[in-house]
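Have a look at the structure below, then the notes.
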Amino acid sequence: PFAPKPADKFTFGLWTVGNPGADPFGGPTREKLEPAKIVELLGDVPGVHGVNFHDNDLIPIDATDAEANQIKKDFRKALKRTGLKVPMATTDLFRDPVFKDGAFTSNDAEIRAYAVQKVMRAMELGAEFGAKTYVFWGGREGAESDATKDPVVAIKRMREAIDFLCQYSIDRKFGYRFAFEAKPNEPRGHIYNAVTGSYLAFIQTLKHPEMCGVNPEMAHEHMAGLNFVHQVAAALEAGKLFHIDLNDQEFGRFDQDYRFGSISYKHSFFLVKLLVDYKYDGLKHFDSHAFRQSNYDDVKAFARGSMRTYKILEHKVKQFNKDKDIQKLLRQINRKSKAAEQLVSKYSKSNANALLEREFDRKKLAERPLPYEELDQRVFDLMMGV
Ligand code: DIG
Ligand code: MN
Ligand code: MN
Ligand code: MN
Numbered sequence: 006p007f008a009p010k011p012a013d014k015f016t017f018g019l020w021t022v023g024n025p026g027a028d029p030f031g032g033p034t035r036e037k038l039e040p041a042k043i044v045e046l047l048g049d050v051p052g053v054h055g056v057n058f059h060d061n062d063l064i065p066i067d068a069t070d071a072e073a074n075q076i077k078k079d080f081r082k083a084l085k086r087t088g089l090k091v092p093m094a095t096t097d098l099f100r101d102p103v104f105k106d107g108a109f110t111s112n113d114a115e116i117r118a119y120a121v122q123k124v125m126r127a128m129e130l131g132a133e134f135g136a137k138t139y140v141f142w143g144g145r146e147g148a149e150s151d152a153t154k155d156p157v158v159a160i161k162r163m164r165e166a167i168d169f170l171c172q173y174s175i176d177r178k179f180g181y182r183f184a185f186e187a188k189p190n191e192p193r194g195h196i197y198n199a200v201t202g203s204y205l206a207f208i209q210t211l212k213h214p215e216m217c218g219v220n221p222e223m224a225h226e227h228m229a230g231l232n233f234v235h236q237v238a239a240a241l242e243a244g245k246l247f248h249i250d251l252n253d254q255e256f257g258r259f260d261q262d263y264r265f266g267s268i269s270y271k272h273s274f275f276l277v278k279l280l281v282d283y284k285y286d287g288l289k290h291f292d293s294h295a296f297r298q299s300n301y302d303d304v305k306a307f308a309r310g311s312m313r314t315y316k317i318l319e320h321k322v323k324q325f326n327k328d329k330d331i332q333k334l335l336r337q338i339n340r341k342s343k344a345a346e347q348l349v350s351k352y353s354k355s356n357a358n359a360l361l362e363r364e365f366d367r368k369k370l371a372e373r374p375l376p377y378e379e380l381d382q383r384v385f386d387l388m389m390g391v
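With the sequence shown counted from 1, adding 5 to any position gets you full-length UniProt numbering.
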């Protein structure tokens with residue numbers, strides 16, 4: 006049981022299962038694999054839907070045209086052999102030193118223009134492989150010292166770039182939906198648009214808000230000390246959950262990009278419950294990587310485990326939604342009142358007057374039982390399989 010299938014739309018980035026295990030205090034512990042080899046590795050893991058890439062995960066920034074064509078040829082062959090799709094593409098606007106002070110928000114107009122050009126070319130590359138979702142993670146859009154950049158100007162520069170690129174996507178008929186990914190810090194001391202909510206606000210100020218949504222990442226909202234499920238709920242409710250980066254993270258740490266469900270079972274359970282209850286049928290991308298100690302066999306176990314964990318939590322959600330005790334408690338804690346609901350559901354002068362006249366027994370209302378200890382322990386039992 007818990008076997009994933011392509012219809013689950015689980016995806017991995019070339020940079021996730023291909024992560025060679027380096028960290029700020031140590032070099033790589035795994036050999037660097039060519040893109041085609043990474044596709045083959047994912048092909049060995051049953052049930053994967055697709056593989057995503059940054060432009061430079063696939064084509065190194067200094068590759069010659071001949072090298073680029075060879076890489077694409079090998080990559081395409083591996084995709085054909087494994088049946089994997091390429092549903093999402095994105096741009097590396099963070100690794101190269103030219104972006105050391107930002108890309109779209111750089112203080113240098115030449116660099117801002119170069120960043121937009123780089124995205125245009127990367128959108129073309131993604132479209133070549135059928136990607137329909139384009140992610141923007143502004144890893145370098147930020148500051149260490151606010152002496153260096155006016156944060157209001159930074160927002161305007163970001164908007165200028167995105168409005169331009171939306172129009173470019175429309176003109177080229179790429180059919181992309183843009184998904185913005187927030188992160189509060191790292192690698193910059195502070196990153197602009199720090200949380201998913203910031204992007205939900207930013208989208209409303211764009212020329213083409215309809216083609217723009219968000220790509221919330223669990224580790225990133227947890228780094229900001231937020232409840233990831235509530236951030237995703239806000240995106241869902243706004244019809245803006247265009248993509249999601251699943252992983253895990255200890256609160257208050259650097260970006261750990263742990264395997265999904267490996268740290269916080271409860272938050273992961275309620276995230277899957279939200280996606281199941283609201284029938285999210287989008288891509289489920291594991292933006293995470295195996296431990297530095299793992300070899301590539303264990304990386305495959307990481308990929309298998311990511312999807313299996315999700316399927317197990319899906320099964321737990323079904324149990325939760327069927328559990329008699331839990332459902333009875335949920336009915337009990339939600340009190341209906343036709344009269345009260347009618348009054349506030351639609352404003353009218355008469356409703357306003359009636360509401361002002363209405364008597365509320367505050368003391369009685371405050372005494373209504375809310376057996377939340379009872380309820381929360383049912384979740385614990387469920388999670389622990391007792
Ligand atoms: C980091 O969480 C970012 C980059 O890996 C990439 O740009 C994006 C795509 O999911 N996530
Ligand atoms: Mn130190
Ligand atoms: Mn991350
Ligand atoms: Mn991510």
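Ideal placement from N, C-alpha and C gives every residue a C-beta, glycine not left out.
Best match in the options for proximity to residue i [C-alpha to C-alpha]
i                 : options                        : result
alanine 73        : Ala120, Leu211, Ala41          : Ala41
leucine 38        : Pro29, Gly31, Phe30, Pro25     : Pro25
leucine 375       : Glu186, His290, Arg86, Leu335  : Leu335
alanine 184       : Asn190, Ala94, Met388          : Ala94
histidine 248     : His290, Ala187, His320         : His290
lysine 154        : Ala108, Arg177, Gly244, Gln337 : Ala108
lysine 245        : Gly266, Tyr283, Ser273, His227 : Tyr283
glycine 18        : Ala83, Gly31, Pro92            : Pro92
lysine 14         : Lys82, Phe141, Ser311          : Ser311
threonine 138     : Ala308, Tyr181, Gln172         : Tyr181
glutamate 215     : Glu226, Ile175, Pro51, Asn232  : Ile175
isoleucine 64     : Gly52, Lys78, Pro51            : Lys78
leucine 130       : Phe179, Glu149, Glu146, Lys82  : Phe179
proline 189       : Pro156, Pro51, Gly55, Gly230   : Gly230
proline 33        : Phe233, Val56, Ala295, Asp106  : Ala295
tyrosine 204      : Pro192, Asn232, Gln236         : Gln236
glutamate 319     : Asp151, Val281, Lys354, Arg164 : Val281
glutamate 165     : Phe256, Ile208, Leu89          : Ile208
phenylalanine 134 : Val158, Ala371, Phe80          : Phe80
glutamine 324     : Leu276, Gln337, Val384, Ala371 : Val384
serine 267        : Glu191, Glu255, Val22          : Glu255
glycine 218       : Glu191, Gly287, Phe265, Tyr173 : Gly287
glutamate 36      : Arg297, Tyr352, Ser350         : Arg297
Outcome for residue i when other beta-carbon atoms lying within 10 angstroms are tallied against a minimum of 16
i              : result
aspartate 250  : buried
methionine 389 : exposed
glutamine 347  : exposed
glutamine 122  : exposed
alanine 148    : buried
tyrosine 377   : exposed
leucine 47     : buried
alanine 83     : buried
alanine 187    : buried
lysine 212     : exposed
aspartate 28   : exposed
serine 293     : buried
glycine 88     : exposed
alanine 199    : buried
residue 404    : The requested residue 404 does not occur in the structure, where the chain is confined to residues 6 to 391.
lysine 369     : exposed
Limits of the beta strand (DSSP E) - the one that residue i falls within
i             : result
threonine 95  : 93–95
asparagine 57 : 55–59
histidine 294 : That residue, histidine 294, is in no beta strand (DSSP E); it is neither H nor E in DSSP.
alanine 357   : Where alanine 357 is concerned, there is no enclosing beta strand (DSSP E), although the alpha helix (DSSP H) it sits in stretches over 354–362.
arginine 367  : No beta strand (DSSP E) contains arginine 367, which is instead part of the alpha helix (DSSP H) from 367–372.
residue 394   : A query on residue 394 cannot be resolved here, the shown segment of the chain reaching from 6 to 391 and no further.
glycine 18    : 15–18
Within-8 Å CB hit, residue i to chain D
i             : result
glutamate 372 : Absent here is chain D; the protein component of the structure consists of one chain.
Range of the contiguous alpha helix (DSSP H) that encloses residue i
i                 : result
glycine 310       : 301–327
tyrosine 377      : 377–389
phenylalanine 274 : 270–282
aspartate 286     : Looking at the DSSP string, aspartate 286 is not in any alpha helix (DSSP H), and its letter there is neither H nor E.
residue 5         : Residue coverage of the chain in this structure runs from 6 to 391, which leaves residue 5 outside it and unanswerable.
alanine 68        : Element bounds for alanine 68: n/a, residue is neither H nor E.
glycine 48        : 40–48
serine 267        : Per DSSP, serine 267 belongs to no alpha helix (DSSP H) and is neither H nor E.
serine 350        : 343–350
* To do: Ignoring anything shorter than 3 residues or poking outside the segment 205–254, list the beta strand (DSSP E) runs there in chain order.
  => 217–219
* To do: Say whether the segment 65–79 touches the segment 104–122, bearing in mind that this needs 3 or more beta-carbon pairs closer than 8 Å, one atom from each stretch.
  => no
* Validate contact between the segment 51–65 and the segment 343–351 using beta carbons, cut 8 Å, 3 pairs -> no
* To do: For the segment 133–159, list the beta strand (DSSP E) runs that are entirely contained and at least 3 residues long, ordered along the chain.
  => 138–142
* To do: Pair every Cβ in the segment 217–230 with every Cβ in the segment 248–267, then say whether three or more of these pairs are closer than 8 Å.
  => yes
* Quick check: the segment 320–338 against the segment 298–311, are there 3 or more CB pairs under 8 Å? -> no
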